[in-house]
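Engineer: Okay, here's the structure, questions in a sec.
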Amino acid sequence: MRTCLEVRDITKSFPGVIANDHVNFSVSDGEIHAILGENGAGKSTLMKIIYGLYKPDSGSIKLYDQELNFTSPRQAIQAGIGMVHQHFMLIPALTVAENIVLGGEPGNIRYRRRENIEMVRDLAKQYHMDIDPSAKVGDLTVGLQQRVEILKVFYRKAKLLILDEPTAMLTPQEVEELILVMERLRSQGIPIIFISHKLDEVKRISDRVTVMRAGKTVNTVETKSASAQDLANMMVGREVVLHVSKPPQEPGEPILKVEDVVVSADRSDKVKGVSFQVHRGEIFGLAGIDGNGQSELIEAITGLMPCKEGKIEFLGKDITHSTVRQRTKEGIAYIPQDRHLDGLVLDFELTENFVLRDFSAEPYSHLGQLNKKSIEEYSTRLSEAFDVRPRRIHALARNLSGGNQQKVILAREVSRNPELLIAAQPTRGLDVGAIQFIHNKLLELRAQGKGVLLVSLELDEIMALSDRIGVIHDGKLMAIVPGGEATREQLGLLMTGVDMEKEG
Amino acid sequence: MLWAALLRPDLWAATLAMATPIALPALGGTYSERSGVVNIAMEGIMLIGAFFGVLFAYYSNSAWVGLLGALIMGALISVLFAYVTVNLSADQVIVGMGINIFAAGLTAFLLNTIFGYGGTPRTTPALPNITLPGISNIPLVGPILGSQNVVVYLMLILVVASHYFLFHTNLGLRLRAVGENPQAADTAGLNVRKLRYLGVIIGGMLSSLGGVYLSLGLLNSFEVNMSGGRGYIALAAMIFGKWTPLGSLGAALLFGFAMALSMVLQGGGISSNIIQMLPYALTILALTGLVGKSTAPAADGIPYDPNK
Amino acid sequence: MQKTLKGLITPLLAIVIALLIGAGVMLITGDNPITAYGALFSGAFGSTANFSNTLASAIPLILSGLGVAIAFKSGLFNIGAEGQYWIGSMVAVWIGYSLKGLPSILHITIAIVLAMLAAGLWGGIIPGLAKAFVGAHEVITTMMMSYIAIFLSHYMLENGPMMQPGYTPQSPVILPSATIGLIVQRTQLSWGLLIALVACIIVYWMLYKTTLGYRLRSVGLNPRAAKYAGINVPLHLILALFISGMLAGLAGAVQMLGVQHRLYDSFSSGYGFTAIVVALLANNNPFGVILASIFFAALSSGGQSMQLVSGVPANLTDVISGIIIFLVASKDIVQMVQKRWRKDQTLASGKEV
Amino acid sequence: NTSAPKSTNSASAKKDFKVGLVTDVGGLNDHSFNFLANKGLEKAASDLGITKGVVESKQMTDYETNLTRFAQDKYNLVIAVGFLMQDAVEKVSKEYPNTKFMIIDSEVTDRPNVASAMFKTEQCGYLVGVMAGLMEKTPGIPNALGKNTVGVVGGMKIPPVDDYIAGFIQGAKSVNSDIKVNLNYTNKFDDPALGKQTALSQIANGADIVFPVAGGTGTGVIDAAKQKNVYAIGVDADQNYMAPETVMTSALKGMDTATYDIIKDTMDGKFKSGDVYFDLSNNGVGFATPIKAVPKDVVDKVNDVAQQIKDGKIKVSNKMPAGF
Ligand SMILES: Nc1ncnc2c1ncn2[C@@H]1O[C@H](COP(=O)(O)OP(=O)(O)OP(=O)(O)O)[C@@H](O)[C@H]1O
Ligand SMILES: Nc1ncnc2c1ncn2[C@@H]1O[C@H](COP(=O)(O)OP(=O)(O)OP(=O)(O)O)[C@@H](O)[C@H]1O
Ligand SMILES: [Mg+2]
Ligand SMILES: [Mg+2]
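Protein chains in written order, with my numbering: chain A, -15 to 488; chain B, 70 to 377; chain C, 184 to 536; chain D, 519 to 842.
This is the structure in structure tokens:
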């Protein structure tokens, strides 16, 4: 088989980091080549170099024996390289169709609105993706946005595909669809570079795996020849435990009671009467396809959105109409799903982010004046306890990797010693090591007799951690099943709105 | 009195005439900000256009040459603006304020050194008023639209054309994309820098045209600071119009109407100072009552450096 | 220390380049740049009196610049400092001449506090409420309120309630008890300078050392995260515009009580827009605001002395300050020149060896 | 006062005689008093050989500084243009008793070293008002609209503006009691575009003579009259050159000659402190020769009224008539 892409000795450094350090690997025609590595290993940087977004400091890249010297993605696109970016490269204010054709619009001067919509509809159908081409991208759920990102690449009919974590936001069903498409493309001889933190996906579909660690390529192996455990060990450079061990535990009294809650946004009800309870010493998992009301539900519980109907009780007190500040004081901690949007002030120092929820409480402030010393002490303590890297408490949050940003939020919320932790997508985009760390923290809270409400799109995560699982669909709770008994199939069906008991 | 005033066609003609020097720079700002470059320099570029329009018109003895010269000067200063904001990632608001101060000083300085304190020569040709034969005879519409300065018609055409350009052409789509998310536009293969230059330069030329309207359209002379804050009002009109050409025109018309009305209503015993608050108060009322939130293009004001 | 020095290189170099361009213009128009710049410098700093007057003109810029900076820090663009300045001026003067028989300290304090309150409400109430509850863009509302304030001051003085009976439209002179005294006699430098400096320290302390400053800054940087942090975002938007307006109002009050002593019928003080430039050039740092204000004050007063001595129109200083702002903002141009210069130097020294 | 130079015979003495001029914030381009005062100063420099210095103030607070600068530099006479400088002149003249000051358009009394040049512009306003009133009554004037309406565009409601306007209205009404006067203030002195629109609106409302008292804004008013083929009346200086067919006459305020005269008097040691009034009787104010469109009998009548004012038979007030 012909070698399609050949990467030789690529080096790229950013101020303070060498993101790629003499990286070598190659991709052949008709191959799905996975790249594995911890957060910050340099995978995305490498892909961006191939795509012409970054200029390497040194090294060479060849596409079919032709040396590439891209200075912008325009040339990469012309050379037939397509890339799905880890952080969406979408324009929220434009429609799906506009996003997809942008840069390669058919016709000359006039933008052909209707034709483009039809064309995108056909394209989506061809790849079995259900999407409304005239919807505004900003109104779509992240899962749907991910589809747009993928369709953009298919529209350009690339000769080499780069998929940087395309499955992070997809439902299991969508992942299956994507895998089918990838296999189809492979059979057409189109090579694919595939980045994912999910070892089972990598095992299932890739032909070869290149593992990166700290900017270097550690090894390239045939996928068949390595087990998931081998791959994980290679990535981290030591032995890792892949499975969480959850000791059995009797739940205590209820700590959070949600009764017939209705939440509405943009003039329609997003949560349509949901009731459940979270007990002490319990992890309650909320499973569901993105956009079925889980964000609105937790924002109503945390006080970020008003509750239209129903009642929320916490520690026996009615908090339905309390402010965020009151709820925080009562002992609700919250890890929001979008760390950049809600969880952090990126241009604040770590110190300021560590006290984001408690800055007005003693000892971090006294009579309205911030207490610098105690904030610094607290920050240092948290940085060490949660292994936040770098260990500089005066660094700006913006300059941390996603995994470390997540640790800052986790540290802040867990250390407040809350009675209830609401964790929304706490491990999204994190590597196995970081995921493991976070899972252990959640289990620690459970062991201490606190309540945990876990919201995740990852069924594996939900199933591994939850004592009970509530499945939400279209703003309604379909069922609550015991964690130990749930199966993927059962949950998957419930998530799509199929109620087996009624049907069966 | 108000009713009688509203029925006067000259009120509406004045509305259009007063709206023009606001609508043009507002339209200019729309181009620039749609491409992601915050433009607060409309006031200064208007002065540049107004002054150089007169300068070129006087020495060539042709108002059209003056117009052309003003557009070129507007484009030149915009290239400079684009260079430092797009290539060098300079703070767009600071540079814009710098241009405003620079332009006010430069035009006053040149006026005094070239023409002296007495002002620009009276023999400077002006841009013609045009009477549209078909329309000027229609009652009501005729007195309003039938005979206006050529720049007024040009403005109306440019607003409609800009609407078409921004929202119905491929290039317009690209320009907007760059202002919303330059990185996404870059990865889609667009040339972010070129598109931003395009937005800034068209914007500068339109602001300059607004200045030309003041100096060569309405008059045939230049006065120090004759833009009189219209560039800033245009900034408000652009925001009010939600960064769209039609919206900007609408806001400019509202403002022009209130200005014209405050002119007509004077003399009823109320202090002219109170009456002249009308345009500003009406703008606030309309904004809070009708329009509400208007959101800037997402990447407006954010320099794009692909290596960051 | 070294960092501070390094930070000063860019502006200094920008000033040099802009002055060179200005010199080029003067050579073209046949003026002598050395005389002109000599006059400019000595007009701004050349004597105790000149330096005092430069400092005096910097005071209103410092205060209104601080106001604009606070708004920027809270994510808001207060383009209406001019109007807030006028409101503060009106109230201060009114209290200054109408309240009789008060001890000086009390009189001054009342005038200043009420001026600040009024200007704060002017900026905070309508623009603030409209921003917080309708999302109305503060650029529009503060600008419009500014024009309204200016017309209001015309109204007050032209046959209005504040007009001094007599020929000219101006207010009565404030009473001696409301007058802020001079630091340097026979100049305009009043103890208002102290008020301005103290205001800088307070604003710095407020922004970086208090929970209020923390709230304002987080609302400015990320309103969603601020809401998540339990901060009442609409309230703090209003508060930011209120405080911003208070400072612009303080600028007016200090100017009236310290320098002008009565209100005149005039178009605009020009402080509003200069304040924006001051805040931006200072990168919204309260202490940077002091330097930037002195710089603009020096250019303005020096420019007039330049016109007097050399006949070069004072407008040229606007050209020069425009270029300086331009260059400071585009740091890279200055750095390019800097590198070029270094290279030339090393080349030159290399040749010598 | 003994410090004034006694003789101005030698050339060096003339050169040593230094006159400084401080403009108000309107600057030298104001088409009005700053411009005219400077014109007088320039004439003095070229005719009398004095040394001149000019500063344009940028802010209200610059007045005091700029006046002081001249005084410190030992200028013999310092001219302050505009009533806004009254406080500054009062203050600085006290600090520098050996320097002579002249203020235009404002009264500074009780200072031995300050002369206040006051112009009775209500008188020339009255005369052009009479002319306008008669024109409106006279049938057959080309381009007249026949609505017996005139328009006045004021820059701001301040004395130097309202004096003219008060006189104008009284004059017009004195010969034509039914005449309608549309009065607008632009509240700006430097916005000719606004001036033009204001005048256009007045013309659309029937005005066929417009009278701007608005500095640079007024150039737009004249432009509007020219475009609509009606008449305008110039202000301060003879503005006929702006539109020879349109500007039928101008109300003149001799600030240039006043400035020149006071400089000359001061040089000759004849500086007189206190109010110096400029009115019809000393040709300090007046009106420019009307164009041909103004009938001879109208001009005769205006000249007649002028004589009556000089003789004190007609008293012109600078108070606005009721209703305005
Ligand atoms: N634009 C940038 N500026 C500075 N540092 C950067 C930049 N982009 C990436 N880095 C740094 O380079 C390193 C590699 O980042 P990269 O995004 O390539 O990691 P990754 O392997 O894709 O991680 P993840 O699995 O989290 O996506 C990290 O330390 C990151 O902080
Ligand atoms: N999020 C907020 N929104 C509005 N005002 C607030 C907010 N947080 C605190 N305040 C008010 O600001 C003042 C000073 O804040 P400080 O940090 O001292 O509050 P605190 O002592 O924590 O208040 P409390 O005792 O109510 O918790 C307090 O009076 C408080 O009411
Ligand atoms: Mg990555
Ligand atoms: Mg407390």
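Heads up, the beta-carbon is just placed ideally off N, CA and C, and yes, glycines get one too.
#1: Can you tell me which of D:Glu640, D:Lys655 and D:Gly673 puts its alpha carbon nearest to the alpha carbon of lysine 665 of chain D?
#2: Comparing C-alpha positions only, which one of D:Ala662, D:Ile721, D:Asp623 and D:Lys561 sits nearest to aspartate 680 of chain D?
#3: Using a Cβ-based criterion (distance less than 6 Å to any ligand heavy atom), does glutamine 70 of chain A qualify as near ligand 3?
#4: Hey, quick one: how far does the alpha helix (DSSP H) through asparagine 661 of chain D stretch, first residue to last?
#5: Less than 7 Å between the beta carbons of valine 107 of chain B and glycine 370 of chain B, yes or no?
#6: Using a Cβ-Cβ distance cut-off of 7 Å, determine whether glycine 297 of chain B contacts chain D.
#7: How about isoleucine 84 of chain A and tyrosine 139 of chain A: do their beta carbons lie closer than 7 Å?
#8: Which residues in chain D sit within 8 Å of alanine 497 of chain C, going by Cβ to Cβ distance?
#9: Report whether the distance from the Cβ of lysine 39 of chain A to the nearest heavy atom of ligand 1 is below 6 Å.
#10: Chain D beta carbons: is any one of them nearer than 7 Å to that of valine 442 of chain C?
#11: In the stretch 126 to 180 of chain B, which residue ranges form an unbroken beta strand (DSSP E) of at least 3 residues, counting only runs that do not cross its ends?
#12: Just how far apart, CA to CA, sit leucine 449 of chain A and lysine 230 of chain A?
#13: Select from C:Leu380, C:Lys392 and C:Phe260 the residue whose C-alpha is nearest the C-alpha of threonine 324 of chain C.
#14: Going by CA-CA distance only, name the one from C:Val416, C:Phe234, C:Ala431 and C:Ile414 that's closest to isoleucine 262 of chain C.
#15: Can you give, in chain order, each stretch of the beta strand (DSSP E) that sits fully within the stretch 22 to 93 of chain A and has at least 3 residues?
#16: Can you tell me where the alpha helix (DSSP H) with glycine 203 of chain B in it begins and where it stops?
#17: For the stretch 391 to 423 of chain C, which residues have a beta carbon sitting closer than 7 Å to at least one beta carbon of chain A?
#18: What does glutamine 715 of chain D touch in chain G if you count any residue whose Cβ is under 9 Å from its own?
#19: Terminal residues of the continuous alpha helix (DSSP H) containing aspartate 444 of chain A?
#20: Check whether the Cβ of asparagine 388 of chain A sits closer than 6 Å to any heavy atom of ligand 1, and report yes or no.
#21: Candidates C:Ser493, C:Gly284, C:Met327 and C:Val296: which alpha carbon is nearest serine 272 of chain C's?
#22: Check whether the stretch 461 to 477 of chain A and the stretch 303 to 311 of chain B are in contact - that is, three or more C-beta pairs closer than 8 Å.
#23: Return the chain-ordered ranges of every alpha helix (DSSP H) run that is complete within the stretch 468 to 536 of chain C and spans a minimum of 4 residues.
#24: Which stretch, first to last residue, makes up the alpha helix (DSSP H) that contains glycine 792 of chain D?
#25: Are the C-beta of glycine 215 of chain B and some C-beta of chain C separated by less than 7 Å?
#26: Given 6 Å as the limit, tell me if lysine 200 of chain A has its C-beta closer than that to any heavy atom belonging to ligand 3.
#27: Is the separation between the beta-carbon of arginine 311 of chain A and that of isoleucine 303 of chain A shorter than 7 Å?
#28: In three-state terms, what does DSSP make of alanine 317 of chain A?
#29: Please determine whether the Cβ atom of serine 367 of chain A lies at a distance below 6 Å from any heavy atom of ligand 3.
#30: For a quick check, are the C-beta atoms of lysine 241 of chain A and glutamate 297 of chain A less than 7 Å apart?
#31: Can you tell me whether DSSP reads isoleucine 353 of chain B as helix, strand or coil?
#32: Is valine 220 of chain A near ligand 1 - that is, is its Cβ less than 6 Å away from at least one heavy atom of it?
#33: Contact defined as beta carbons within less than 8 Å: I believe glutamine 489 of chain A pairs with valine 439 of chain A. What is the distance between those atoms, to the nearest angstrom?
#34: Less than 7 Å between C-beta atoms, sequence neighbours within five positions excluded: which residues of the same chain meet that for alanine 126 of chain B?
#35: Closest Cβ-Cβ distance between glutamine 353 of chain A and chain C: below 7 Å?
#36: Quick one: is tyrosine 795 of chain D buried, meaning 16 or more other Cβ sit within 10 Å of its Cβ, or exposed?
Structural biologist: Well, looking at it:
#1: Looking at the Cα atoms, D:Lys655 is the closest of the given residues.
#2: D:Asp623
#3: yes
#4: That residue, asparagine 661 of chain D, is in no alpha helix (DSSP H); it is neither H nor E in DSSP.
#5: yes
#6: Chain D contact via Cβ: present.
#7: yes
#8: Val573, Glu574 and Lys576
#9: no
#10: Cβ-Cβ to chain D under 7 Å: yes for valine 442 of chain C.
#11: none
#12: 7 Å
#13: If we check each option's Cα against that of threonine 324 of chain C, C:Phe260 comes out closest.
#14: C:Ala431
#15: Runs of the beta strand (DSSP E) lying entirely within the stretch 22 to 93 of chain A, each at least 3 residues long, are 42 to 47 and 65 to 68 in chain order.
#16: 202 to 205 is the span of the alpha helix (DSSP H), which, as asked, contains glycine 203 of chain B.
#17: Lys392, Thr393, Thr394, Leu395, Tyr397, Ser401, Leu404, Asn405, Arg407, Ala408, Lys410, Tyr411, Ala412 and Gly413
#18: Although the question refers to chain G, the structure presented lacks it and instead comprises the protein chains A, B, C and D.
#19: Annotation: the continuous alpha helix (DSSP H) that includes aspartate 444 of chain A extends over 443 to 449.
#20: no
#21: C:Val296
#22: no
#23: Correct list: 469 to 493, 498 to 512 and 514 to 535.
#24: Per DSSP, glycine 792 of chain D belongs to no alpha helix (DSSP H); it is in the beta strand (DSSP E), 792 to 796.
#25: no
#26: Distances taken from the Cβ of lysine 200 of chain A to the heavy atoms of ligand 3 include none shorter than 6 Å.
#27: yes
#28: strand
#29: no
#30: In this structure, glutamate 297 of chain A lies closer than 7 Å to lysine 241 of chain A by Cβ.
#31: helix
#32: no
#33: Residue 489 of chain A lies beyond the range of chain A shown here (-15 to 488); nothing can be said about it.
#34: Ala132, Val134, Gly135, Thr193, Pro194 and Leu285
#35: Interface annotation, glutamine 353 of chain A: in contact with chain C, CB-CB separation under 7 Å.
#36: Tyrosine 795 of chain D comes out exposed.
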